[in-house]
Amino acid sequence: QQVKIRGFRVEPGEIEAELGRISGVREAVVVGRADGDGGRRLVAYVVLDPASPPSVARLREALGGRLPAYMVPSVFVPLAKLPLNPNGKVDRRALPDPQSVPDTEDRRSRRVPPRDALELRLARIWEEVLGTAGGVTDDFFARGGTSLLGATLLARIARDAGTTLPLAALFRSPTVEAMARLLREGGAGQEEPALVCLQEGSGGPPLFLLPAAGGGALAYAELARALGAEWPVWALQDVAPPDAPRSVAGLAEVFLGHVRTVQPAGPYLLAGWSFGGRLAFEMARRLAAEGESVAFVGMIDTGLAEPVDPVSPDAELLAAQVAGELEIDAEELRRAPDPVAALVVRAQGAGLLPPDYPLDDARRRLRLFKAHLEAARTGRPEPYPGTVTFFAAAEPPVGAPAEPGHGWAAFAAHLEILAIPGNHVTLLRDPRNREVLAARLREALERALGIEPGVAPAPGPRVETRG
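For the sequence shown, my numbering begins at 3 and goes up steadily by one.
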């Protein structure tokens, strides 16, 4: 029986079969349960061999090597035995709520409890959002957190604790302990940084990801994790006021300044989705003109021209932002008294936005989206003397010209085109497509750096960990 997880269908039987192949697992059942943001997540109930029970970390690691990331359960619940119905089959309706299952001695011994009122308050919010208990030293993403749950968590902290944290805090302080320390040190109320470390990696030059129109660093969180923990990944954000004047050249210059605070010299690795690819291209062109080494430029389905005009009505701009991901058109939004509010409600219902997503943030992102569209419309790209790897959506928009690489071959000395399943939006958002994108991005990076596939990148230039 299939389970629908955030709009995608998963076969629990496939996961159960892989769990059964892990040493120390006697029985396993996987189900979908409601999570803290109104969606659903995978929960695995396992009966372990008491003589040699594998840890949850071992189960997660083993499945991660055999299945796509979206098929790895967010929660693992050890049971002494599975509940059976009168026919001797597993009674899935009798499986306990993960939070109601008593901790085993082993789990309790490894879990660090809250040590003061602040940690206790945060731990309760984390448990509510993630749907499972954990210690104050447990990593948010290792506990099954996603970018959407991250946005939900920070919105819930702002609502319940009266404290606003930037999204970057989730990567800089991904545990209750670290987040509490950040709050004690005055980290609340800080503005979003322009540069966010998504993962530190184990060596080699970092990959810098440039923002899509109106987007931020959180859009790349799952891609960074799918790329592999060994890769250092940073994401840039446009944190200037939405109404400030912008150009592709100006943004590229600003972002290069931030990049150099982390990596003063090449070889540089740059990539971006949609408008972010345009920024990566311009940054690479400028670096090459300065004699710097650029090892990799990746454009993820970047068009030469944006699909909508920045002076279009808000309803059309909003519909364009979610095209291919949410079934709503400009006419429906045009009839709504408040198009932004209408879109937010629909996106929340589809699990694309957290329940507590602030409407003011949606309005700010729309203004930023318009500003980026205007920047993309003005100016023509100048030639880049190197290789560009273009990740093209296999499902182009209806009526789009069937031109490989969206016309970028005219501006790059060499354009390598790799097809990715999905459309312009789902090639990054759909977990299945994202796994393919991450695998091909990883292979392209390995080729660019001349390293053997599957081998961690060798230490490169000194990289300062900041953010």
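For every residue, glycine included, the Cβ atom is placed at its ideal position computed from N, Cα and C.
What does a CB cutoff of less than 7 angstroms around residue i pick up in its chain, not counting 5 residues either side in sequence?
i      : result
Pro339 : none
Arg123 : Ala163
Tyr222 : Leu200, Leu211 and Ala237
Ala228 : Ala71, Arg436, Glu437 and Ala440
Leu281 : Leu212, Val250, Leu253, Ala254, Phe257 and Gly274
Gly424 : Ala395, Ala396, Glu397, Asp432 and Asn435
With a CB to CB cut of under 8 angstroms and the five nearest residues on each side skipped, what residues in its chain are close to residue i?
i      : result
Gly66  : Val74
Asp245 : Arg369 and Ala373
Ala290 : Val296, Tyr386, Pro387 and Gly388
Gly152 : Phe142, Leu169, Leu172, Leu220 and Ala223
Leu61  : Leu21, Ile24, Val27, Ala46, Val48 and Phe78
Val346 : Leu355, Tyr359, Leu361 and Ala364
Ile127 : Leu155, Arg158, Ile159, Asp162 and Ala163
Ser149 : Leu220, Ala221, Ala223 and Glu224
Gly381 : Ser249, Val250 and Ala251
Gly452 : none
Ser54  : Ser25 and Gly26
Pro56  : Ile24, Ser25, Gly26, Val27, Leu50 and Ala64
Following the continuous beta strand (DSSP E) through residue i, name the residue where it begins and the one where it ends.
i      : result
Leu306 : Where Leu306 is concerned, there is no enclosing beta strand (DSSP E), given that its DSSP letter is neither H nor E.
Pro80  : Val77 to Pro80
Phe142 : Unbroken run through Phe142: none, as it is neither H nor E.
Ala237 : Val235 to Leu238
Val178 : Not the beta strand (DSSP E): Val178 falls in the alpha helix (DSSP H), residues Val178 to Arg186.
Gly2   : This structure leaves residue 2 out entirely; the chain is present only between 3 and 469.
Val438 : Here Val438 belongs to no beta strand (DSSP E); instead the alpha helix (DSSP H) covers Pro433 to Leu451.
Ala273 : Tyr270 to Trp275
Leu211 : Leu209 to Leu212
Let me check one thing: in DSSP terms, what residues is residue i bridge-paired to?
i      : result
His416 : Thr389
Tyr47  : Val31 and Val79
Val484 : Missing from the structure shown is residue 484; the chain here goes from 3 to 469 and no further.
Ala421 : Ala394
Ala36  : Arg42
Phe298 : Leu271
Gln201 : Val235
Val478 : Because the chain in this structure spans residues 3 to 469, residue 478 falls outside the shown range and cannot be described.
Val5   : Val12
Starting from residue i, follow the alpha helix (DSSP H) in both directions and report where the run begins and ends.
i      : result
Val250 : Val250 to Val264
Trp128 : Ala119 to Leu132
Val58  : Val58 to Gly66
Leu97  : It is not in any alpha helix (DSSP H) - Leu97 carries neither H nor E in the DSSP assignment.
Pro195 : No alpha helix (DSSP H) holds Pro195; DSSP gives it neither H nor E.
Ser175 : It is not in any alpha helix (DSSP H) - Ser175 carries neither H nor E in the DSSP assignment.
Leu1   : Past the edges of the chain, shown from 3 to 469, lies residue 1, and the structure says nothing about it.
Ile17  : Pro14 to Gly22
His374 : Leu361 to Arg379
Ala228 : Ala223 to Leu229
Can residue i be considered in contact with the ligand FMN, in the sense that its beta carbon sits closer than 7 angstroms to one or more heavy atoms?
i      : result
Ala163 : The model on display carries no ligand, and the ligand FMN is accordingly not part of it.
Beta carbon of residue i, beta carbon of residue j: below 8 angstroms?
i      : j      : result
Glu29  : Val12  : no
Ala377 : Ser249 : yes
Pro176 : Phe143 : yes
Leu420 : Ala411 : no
Ile17  : Val33  : no
Pro100 : Val77  : yes
Trp275 : Asp303 : yes
Gly278 : Ala446 : no
Pro433 : Phe413 : no
Leu120 : Ala182 : yes
Pro85  : Ala96  : yes
Ala215 : Leu430 : no
Phe393 : Ile422 : yes
Val138 : Glu179 : yes
Arg444 : Gly205 : no
Leu306 : Gly409 : yes
Phe283 : Val131 : no
Does any C-beta atom of chain D lie closer than 8 angstroms to the C-beta of residue i?
i      : result
Gly407 : Absence of chain D from the displayed structure is noted, only one protein chain being present.
Who are the near neighbours of residue i in its chain, counting only those whose CB is closer than 6 angstroms to its CB and skipping five residues on each side?
i      : result
Pro269 : Pro207, Ser295 and Ala297
Pro406 : Ile419
Ala219 : Val198, Ala237 and Gln239
Gly203 : Glu232, Trp233 and Pro234
Val261 : Phe210
Leu136 : Reading off the sequence, residue 136 comes out as Gly, not Leu. Taken in chain order, the residues that qualify are Arg145.
Ala450 : Ala297 and Phe298
Arg68  : Glu20
Val5   : Val12, Pro14 and Gly34
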